[in-house]
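Residues 1 to 480 (our numbering) are what the sequence shown spells out, left to right.
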Amino acid sequence: MWQYLFITKFKMRNVNLDGGRTKVVDLLKNGQPDSVVTVKGWVRTKRGNKNVVFLAINDGSSINNIQVVLDPAKYDEELLKSISTGACVRVVGKLVASQGSGQSVEIQGKEVELYGGASPESYPLQKKGHTLEFLREIAHLRPRTNTFGAVLRIRHAMAFAIHKYFNDHGFYYLHTPLITASDCEGAGEMFNVTTLNLEELPRNEEGKVDYTQDFFGKHCNLTVSGQLEGELGAMALGQIYTFGPTFRAENSNTPRHLAEFWMIEPEVAFFEIEDNMNLAEDFLKYLIQYALDNCMDDLQFLAKMYDGELIDRLKFVLENDFVRLDYTEGIEILKNSGAKFEYPVSWGLDLQSEHERYLVEKHFKKPVILTNYPKEIKAFYMKQNDDGKTVRAMDVLFPKIGEIIGGSQREENYEKLLNRINELGIPDKDMWWYLDTRRFGSAPHSGFGLGFERLLLFVTGMANIRDVIPFPRTPNNAEF
Ligand code: ATP
Ligand code: MN
């Protein structure tokens, strides 16, 4: 008897995924002069006269437009009129070396089809130079601007690089739940999740809301962090990361806070705080290098428009070791600085952005990793130092941003962790599953959270966090 084992392998077919067009980015990079090409995209500008019409077309693949040259005599007058700023068109034509300066090739149009017009009377993006504040009011259309095209392409590249970095280093992507029942972290800053009728809430004998009648049979929230579940993953898979949305109902209208933001949270078994710092620094530098290698056109555009020092700042972070400093030393530096702060400095203070930025921008002029914070201002799960006062926390502080990463070595000792939970009055009946990691096969481990939009603020040089996420969620803002 013999047997053949046929293993059929999926062969990539040559499917065209470009929607029957050549992308502008490819035309500008490797377009063959004299070839006939099809482009599809949105008209950014139209100019010309009786004898010639120039269209600048953008299809989202690049910050750069391709210029289309049309002979008006060859087209219906109505059609040409409808091809105004914002309209979407298909153009077939010959690629030729460009006469004008600024680009290598342009298209001599032979055939034009209008997919959808955009009336000049009502289309809001007629001219360049709208303020970012105005664009936030039309967040449904702002992806069509140069600025948001650039930001969104960089956002994509950074998300991809994050997965690549972790995959290349053998970390597993763990999906942690968005709906959670633990409100031990950041109580008061959470969004409730309920299907109870808010008009007629069921009450128990004490007059409190009876959550046993709710969908999950208990009080639930949207998660503020995937860390606690991430730790469960790390205690099985060794090294994991999460990358998902997190929600905080903090009513702080700052340029650095969103109510819905994305967080990257690696969690690693057998990592001490030093390993955790090494990971954070290497990871951030990798991402910045990736942006410089892959997003230069967009970075240069943003540097030109908003932040002339952007690219130097990115390179500067790559070229310098991050300063590693004890919280206590940081407080001394701030106290002796002679600088005036809104929040006065003393040991025990939860550092504000003004303090963090002073250390980074004025004192060291380098990114700083601050460690060993007072336990009172940090979360219950952080590893307690022998001094009884501090915990093995680490915050990474960046120029222009302040805190970009918050992390720690975790308390792996069951008794110490339980004591801390009791000290803080956290109901340990909610925490039994978390405590089980310390009861069964506990191990030293560490992790951190990087705010994705804080990273993007740094990489794009944008000043407001509302401008690095497609649809920002902030107090009083959930329209689109
Ligand atoms: P901050 O003190 O700046 O409000 P935090 O200490 O509350 O931040 P962590 O709980 O340590 O933040 O969260 C980890 C990371 O998530 C932060 O370092 C930051 O990059 C990001 N982050 C926290 N809160 C927000 C928010 N509201 N919007 C956007 N990013 C945030
Ligand atoms: Mn923090």
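Ideal Cβ positions, reconstructed from N, Cα and C, are used throughout, including at glycine.
Per DSSP, what are the beta-bridge partners of residue i in this structure?
i	result
Met382	Arg410
Gln239	Val268
Gly244	Met263
Lys40	Arg90
Ser446	Val268, Gln409
Pro120	Per DSSP, none; premise fails for Pro120.
Glu403	Leu397
Asn192	Asn221
Leu359	DSSP lists no partner for Leu359.
Pro374	Thr390
Thr180	Asn221
Ile369	Arg324, Val396
Do residue j and residue i count as a contact pair if the criterion is CB distance below 7 angstroms?
i	j	result
Glu412	Pro444	yes
Leu196	Asp214	yes
Ile401	Cys295	no
Arg313	Ile465	no
Tyr327	Asn276	no
Val468	Thr474	no
Asp59	Val24	yes
Leu174	Ile107	no
Ile273	Arg324	no
Leu125	Pro33	no
Phe301	Ile57	no
Gly406	Pro374	no
Ser225	Thr254	no
Leu55	Val68	yes
Leu397	Val360	yes
Ala280	Ala234	no
Asp298	Ala150	yes
Glu484	Thr85	Limits of the chain in this structure are 1 at one end and 480 at the other, which puts residue 484 out of reach.
Gly109	Val91	yes
Ala87	Gly129	no
Val66	Leu27	Per the sequence presented here, residue 66 reads as Ile, with Val not at that position. The answer is yes: Cβ separation under 7 angstroms.
Asp350	Ile377	yes
His363	Ile333	yes
What first and last residue would you give for the beta strand (DSSP E) that runs through residue i?
i	result
Val396	390-398
Asn221	220-222
Asn294	Segment 273-294 is the alpha helix (DSSP H) holding Asn294; no beta strand (DSSP E) there.
With H, G and I counted as helix, E and B as strand and the rest as coil, what does DSSP make of residue i?
i	result
Leu174	coil
Ser353	helix
Ile469	coil
Glu415	helix
Thr474	strand
Pro143	helix
Arg13	coil
Arg203	strand
Thr212	helix
Ile154	helix
Leu28	helix
Leu258	coil
Ile421	helix
Ile162	helix
Lys128	coil
Asn167	helix
Glu229	helix
Asp34	coil
Leu198	coil
Phe148	helix
Phe364	helix
Ala249	coil
Ala525	The requested residue 525 does not occur in the structure, where the chain is confined to residues 1 to 480.
Looking at the C-beta of residue i, does it have a partner C-beta in chain B at a distance below 7 angstroms?
i	result
Arg410	No chain B appears in this structure, which consists of one protein chain only.
For the alpha helix (DSSP H) containing residue i, list its first residue and its last residue.
i	result
Gly20	Note, Gly20: premise wrong, no alpha helix (DSSP H); not H, not E.
Asp436	432-439
Arg306	First, the amino acid is wrong: residue 306 is Tyr here, not Arg. That residue, Tyr306, is in no alpha helix (DSSP H); it is neither H nor E in DSSP.
Leu456	452-460
Leu135	132-137
Compute the minimum distance between the beta carbon of residue i and the heavy atoms of the ligand FMN, and state whether it is under 6 angstroms.
i	result
His169	The model depicted lacks the ligand FMN and carries the ligand ATP and the ligand MN instead.
Counting only runs of 3+ residues fully inside the segment 44-118, write out the beta strand (DSSP E) ranges in chain order. 53-58, 66-70, 88-97, 105-116
Ignoring anything shorter than 3 residues or poking outside the segment 308-347, list the beta strand (DSSP E) runs there in chain order. 323-326
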